[in-house]
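Presented below is the structure to which this report refers.
Numbering (the working numbering), first residue to last: 44 to 243.
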């Protein structure tokens, strides 16, 4: 999974062979086959007979960081005093104890996104780094197991535009909401893909 998340194996490129993974992790072929079946069920990889397993273009059913979705190369976070919680209150979101920070996302030395992030203090206190992916860190701390996206066209006056689509992202652990974030993405880099499945 780390090879996919870190893009060490790019999309549509072949993953390590079953034999290579057996040697690397000193395990049986059935364990490797089972792991690949699980990744395939999640939509992270696809298989081509007699060729191997490949990283899926837009793997579904997995929580993905916004930085991954927009192709950001760098994160820059700054801890701040909370200026405006109105967008949280409008959605009936109240954190018992939280930490607030703002973040910019860069690609090719240019800012392509801005975020306002609230995270439960209990997760922040576990060595959280505001210059790294919020989602990846919370997943590693069992701090998020599902997310909700809301997209809304709003007045933002950013990136040369009066109005843009704003992404609201809310994450939940097993007990309650664990983070809330508001993202404004440069229109040249706004490309959200969505996939749903029928129960039939």
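From the three backbone atoms N, C-alpha and C, an ideal C-beta is built for every residue, glycine too.
With respect to the 8 Å criterion, residue 155 and residue 210 are not classified as neighbours on the basis of their beta carbons.
DSSP places residue 201 inside the beta strand (DSSP E), whose first and last residues are 189–201.
Here residue 117 really is in contact with residue 149; their C-beta atoms are around 4 Å apart, less than 8 Å. Around the beta carbon of residue 63, fewer than 16 other beta carbons lie within 10 angstroms, which makes this residue exposed. Distance from the CA of residue 171 to the CA of residue 142, rounded to the nearest whole angstrom, comes to 11 Å. Looking at the DSSP output, residue 96 shares a beta bridge with 90. Here DSSP, grouped into helix, strand and coil, assigns residue 221 to strand. Closest in C-alpha terms to residue 139, from the list 234, 165, 124 and 157, comes 165. DSSP links residue 210 through a beta bridge to 194 and 226.
Counting only residues of its own chain and dropping the five nearest sequence neighbours on each side, residue 95 has a CB closer than 8 Å to the CB of 57, 58 and 60. Apart from the 5 residues on each side of it in sequence, residue 190 sits with its Cβ closer than 7 Å to the Cβ of 106, 212, 213 and 214 in its chain, given in chain order. Ranking 234, 153 and 208 by CA distance to the CA of residue 119 puts 153 first.
Just so you know, the alpha carbons of residue 132 and residue 186 end up roughly 22 Å apart. Ranked by how close their Cα comes to the Cα of residue 151, the residues 157, 126 and 115 have 115 in first place.
In this structure, the straight-line span from the alpha carbon of residue 183 to that of residue 231 is close to 31 Å.
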